[in-house]
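In my numbering, the protein residues as written are 2 to 343.
Input: a single structure, listed below in structure tokens.
As structure tokens, then:
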């Protein structure tokens, strides 16, 4: 069967942004935190929602791929946050881009969402000869009162944006060599919005009490209240960062030494430095420079960064490109690509 790969990518960011230096006093950020995360600015979608941005990224990708929307067979949408609590958001994107011949659905996997989409598209195209083009689209927005871009997590500052990739059999820019993902659900309760679901529906009282928010720092303090639990989580994170990569290399009969470039998610510098040390690769060969100027956009990061690095001419023909992301749950995902060139 034909090779499967990424034909085109696209990205979108809103026009408004906030400089970290301008928000330090207002949000009560510490110098230590600002230095360790090292994100200089984040983007803010003031008059756009996740699917608005996703449509724009999807349209850019379709244009760059030089196809008709009607050529898309499947659309996979991933987001951490929705325009509405229950809504067919993937269907809205499908309709707005004019992909009238495709099946559209949402894939929920947190910050690993784009990676899960790539894995699905690759596997589907490898096994179904009647499918030619799968569009993976990601969009996310982190806004108050549910999210505080600066305080909802300790590992990053949140930003808004969208990205997309067309996975295809034809005119491929990146060959997909393989993917591997794992989940360790032992800390599944660590990150959640405590009210608004069936366990505790949202009420006027608990919303006014500030419970309808995602506060990862607060739940971490509650759930990791003693040293042994914190140490256990740290060990799991470090172990699986490495495990998921090594298992992929083993399956593809290659090694870390074969990797030329790395595309990572946009978490804080203190986290990215640890991942880079595992790979033993120069920072200049990674996407970290993008994280400093864009912040963490959930599942948007990987395809966003890949598109930006192509635009910045960061890849040479035949480069082996490793994609890596991790997300709540916790899950870890990685893929290996080979760059064919434009």
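The beta carbon of each residue, even a glycine, is placed where N, CA and C say it ideally should be.
Please read these numbers as outputs of a predicted model, since none were measured by experiment.
- The Cβ atoms of residue 141 and residue 298 sit closer than 7 Å to each other.
- Per the DSSP secondary-structure output, residue 45 pairs in a beta bridge with 17.
- If the five residues before and after residue 245 are omitted, its C-beta is found closer than 8 Å to the C-beta atoms of 181, 182, 183, 325, 333, 334 and 335, all from its own chain and listed in chain order.
- The region 235–242 and the region 160–171 do not touch, with fewer than 3 CB-CB distances between them shorter than 8 Å.
- In the structure shown, residue 103 adopts coil according to DSSP, grouped into three states.
- The continuous stretches of beta strand (DSSP E) do not include residue 55, which lies in the alpha helix (DSSP H) extending over residues 51–66.
- DSSP, reduced to helix, strand and coil, places residue 225 outside both helices and strands of the structure shown, so it counts as coil.
- A direct Cα-Cα distance of roughly 20 Å separates residue 93 from residue 143.
- Counting along the chain, no alpha helix (DSSP H) covers residue 134; the unbroken beta strand (DSSP E) around it starts and ends at 134–141.
- In the DSSP assignment, residue 36 falls within the unbroken alpha helix (DSSP H) covering 32–38.
- The beta carbon of residue 273 sits closer than 7 Å to the beta carbons of 265, 289 and 292 from its chain, once the five residues preceding and following it are set aside; these are given in chain order.
- For residue 340, the enclosing beta strand (DSSP E) has its first and last residue at 332–340.
- Counting only runs of at least 4 residues, the region 232–291 fully encloses the following alpha helix (DSSP H) elements, listed from N- to C-terminal order: 270–280.
- For the 7 Å CB-CB criterion, residue 105 and residue 95 form a contact.
- Of the residues assessed, residue 115 falls on the buried side of the cut-off, its CB having 16 or more other CB atoms within 10 angstroms.
- Non-local C-beta neighbours of residue 18 in its own chain, meaning closer than 7 Å and more than five positions away in sequence, comprise 42, 43, 44 and 45, ordered along the chain.
- Counting only the Cα atoms, residue 176 lies some 17 Å from residue 65.
- CA-to-CA, the gap between residue 286 and residue 215 works out to about 33 Å.
- Nearest neighbour of residue 309 by Cα position, chosen from 337, 25 and 166, turns out to be 166.
- In the three-state reduction of the DSSP assignment, residue 220 falls in the helix class.
- Ranked by Cα distance from residue 47, the options 127, 192, 312 and 14 are led by 14.
- For residue 176, the beta-bridge partners assigned by DSSP are 6 and 339.
- Residues of the same chain with a CB within less than 6 Å of the CB of residue 113, apart from the 5 flanking positions on each side, are 326, 328, 332 and 334 in chain order.
- Taking C-beta separations shorter than 6 Å and ignoring five residues to either side along the sequence, the partners of residue 117 in its chain run 108 and 110, following chain order.
- With 16 or more neighbouring CB atoms inside 10 Å of its own CB, residue 120 falls in the buried class.
- Residue nearest to residue 153 within the set 33, 203, 192 and 24 is 192 (criterion: CA-CA distance).
- Following the DSSP letters along the chain, one finds residue 305 inside the alpha helix (DSSP H) bounded by residues 302–312.
- Residue pairing for residue 323: DSSP places it in a beta bridge opposite 263 and 337.
- Distance from residue 339 to residue 178 at the Cβ level is roughly 6 Å; contact confirmed, criterion being Cβ atoms closer than 8 Å.
- In this structure, the CA atom of residue 145 is about 14 Å from the CA atom of residue 217.
- The DSSP-derived three-state label of residue 81 is coil.
- For residue 151, the closest C-alpha among the options 186, 55 and 25 is that of 25.
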